[in-house]
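Okay, so here's the structure we're looking at.
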Amino acid sequence: MWVQRLGRSLVGYAPRFFRPISTRIVGKTNIEVQEQTDSQPLIFPGVWLRDNCLCEDCFHVSSQSRKLDWDKFDTRVHPLKVRTDEKAQEAIVNWSDRHESRFPIKWLKERSFREEHQEEYLADLYRPPTRLWAGSQFKTISQHFDYGQVMDDDQVLEQWLQALAVYGVALIRGAPQDEGVVRRLAERVGFIRRTTYGEEFVVQAKPGAQNFAYLSLPLPLHTDLPYYEYKPSVNILHCLVQTESPGGSNLLVDAFYVADRLRREHTEDYERLCRIVVDWNDIGSEDGREFHNIWRAPVICLDAQGQYTRVNHSVPQRDSHFNVPFEEVQPWYESYAKFVQLSRSEAYAFKTRPGEVLTFNNIRLLHGRTGYDDTEQNSRYIVGAYLDWDIIYSRLRVLKKRRNQ
Ligand code: OGA
Ligand code: ZN
Ligand code: ZN
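Start counting the sequence shown at 87; every next residue gets the next number (the numbering used here).
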C-alpha cells in the first residue's frame with residue numbers, strides 16, 4: 087500500500103536526522119545527558135528524575151499532574167542503567183525500585199538545572215523582571231495601547247500585560263464612554279477581583295462619602311486596600327468624564343524605586359519600614375453591610391530573597407491602633423515621613439482624558455489625585471475595577487506559549 091511504503095521509506099531515511107545523544111550515570115545517583123552537537127552536558131539528579139517519571143503510573147497526562155505515590159517514595163532511589171532511544175529522542179532509565187522511566191530529551195532540556203537556563207525560564211515564563219523608574223522617567227516608560235486592539239488582538243493584549251508587569255503602569259486609549267469598559271477589559275484577561283466596594287466602583291464626589299476617595303479633596307499618594315491580606319493587584323481606572331477645573335490629575339510613583347532610594351540614602355529608615363508592622367484598617371458599611379477590615383504588615387514588604395513583594399501606604403486607612411513597642415513609635419514616624427517625602431518627590435502628575443483607561447500595579451505603585459472643584463457644570467466620573475496578578479500572569483503565560491507554538 088502506498089501509505090505503508092511511504093511510512094517505511096521515511097523510517098529508512100529517518101536515522102540521518104536523529105541527533106546522537108549519549109547518556110550515563112554519574113556520581114552513582116545522577117544522570118548526564120549530552121547531545122553530541124551540544125558541548126556542555128546536562129546533569130539531572132536521579133531523585134528528581136524518579137519523582138518526575140512520566141509513565142502513566144506516575145503522571146496523569148490530561149491534568150498534567152504527578153500521581154506518583156509519595157507515601158512510598160524512596161528518596162535514596164538510584165539509577166541502575168541508562169540508555170538512549172535515538173529514534174524517539176528519549177533517555178530510558180532503569181531504577182533501583184525496578185521501575186523504568188522514559189524522558190524526552192526536549193523535556194529534559196527545558197528543565198535543565200544550569201543556572202542560566204533557570205534564570206531564562208523564570209524571566210520568560212514565571213514573571214518578567216521588573217524595571218524600576220524615577221518620576222522623571224515616566225514619559226519614557228509609560229506605554230499606550232489602543233482599546234480596540236487590546237480587545238481584538240492577542241498580541242496587543244500580551245503587550246499591555248507585559249508592560250504592566252515590567253513597569254507597573256500602562257495606559258489604554260480610545261475606549262468607548264460607557265460603564266462596561268472596565269469589566270470588558272478585566273474579562274479579556276480573566277475576571278474582576280471583587281472587594282468590599284463591589285466589582286466595579288464609581289469614583290466621583292458623593293455627599294456622605296463612605297470612602298475618603300469619594301470626595302473632591304486632594305487624595306494623597308496611597309495604595310488601595312492595604313487593609314487586605316490579599317490586596318487587589320492591579321487598578322483599572324476608566325475616565326468617563328474629566329473635570330475642566332484645575333486639578334483632578336492622577337499622581338503615580340514607583341514605590342519600589344523609592345524603596346531602593348531609601349535603602350541607599352537612608353538605610354536605617356529603610357530597615358525600620360521593612361521591619362515594623364503597621365495596622366491598616368477600613369471600617370464602614372456598603373450596601374447596608376457593615377465591614378471592619380484589618381491587615382497588619384510593614385510599609386515595605388520583602389520575600390525570603392529580600393525582593394520587594396508589596397508596599398503599603400495610605401494615610402486615611404492607617405489605623406490609630408499601633409501595636410508596636412512604645413520606643414519604636416517616634417523613630418518609625420521619622421522613617422515614614424522620609425518615605426512619604428521621597429515618594430512625593432518621585433511622583434509624576436498627568437490628567438487622564440475621557441476614553442482613557444489608567445492601569446497600574448497596586449502592589450508596587452502609589453497613586454493619588456489632586457483636588458478639584460466639583461459643581462453641577464463641572465464633574466468628574468471614573469469607573470474602576472481590580473484584577474489580580476495570579477490571573478494576569480496566567481493569561482500572559484498562556485499568550486506567550488500560544489505565540490511560541
Ligand atoms: C481611589 C483613587 C483616583 C482618582 O479611588 O482610590 O485613587 O483618579 N482614585 O480619583
Ligand atoms: Zn513511572
Ligand atoms: Zn486609590
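Glycine included, each C-beta is placed from N, C-alpha and C at the ideal position.
Shortest gap from the CB of D155 to any heavy atom of ligand 3: 6 angstroms or more. Every alpha helix (DSSP H) stretch that sits fully inside the stretch 167-219 and reaches 4 residues is listed by chain position as 191-196, 201-207.
Rounded to the nearest angstrom, the Cβ distance from D474 to S335 is 27 angstroms, too far for a contact under 8 angstroms. Taking 7 angstroms as the cut-off, the Cβ atoms of V289 and F446 do not count as close.
Contact between I111 and P190 is absent: CB atoms are separated by about 19 angstroms, not below the 8 angstroms threshold. Distance from the CA atom of Y314 to the CA atom of A471, rounded to whole angstroms, is 16 angstroms. A471 has its Cβ no nearer than 6 angstroms to any heavy atom of ligand 1. In terms of side-chain proximity, the C-beta atom of R269 is found no nearer than 6 angstroms to any non-hydrogen atom of ligand 1. For A471, no alpha helix (DSSP H) encloses it; the enclosing beta strand (DSSP E) starts and ends at 467-473. The residue from A209, L303, N180, T461 with its alpha-carbon nearest to that of V168 is N180. C-alpha of I129 to C-alpha of L135: approximately 11 angstroms in a straight line.
Partner residues in the beta bridge of N116, as assigned by DSSP, are V112, P131. Closest in alpha carbon position to R404, among L388, H453, N379, Q245, is N379. In the three-state reduction of the DSSP assignment, E442 falls in the coil class.
Under the Cβ criterion (8 angstroms, minimum of three pairs), the stretch 413-433 counts as touching the stretch 350-364.
Any heavy atom of ligand 2 counts here; residues with a Cβ closer than 6 angstroms to one of them, in chain order, are C139, C141, D143, C144, H185, S187.
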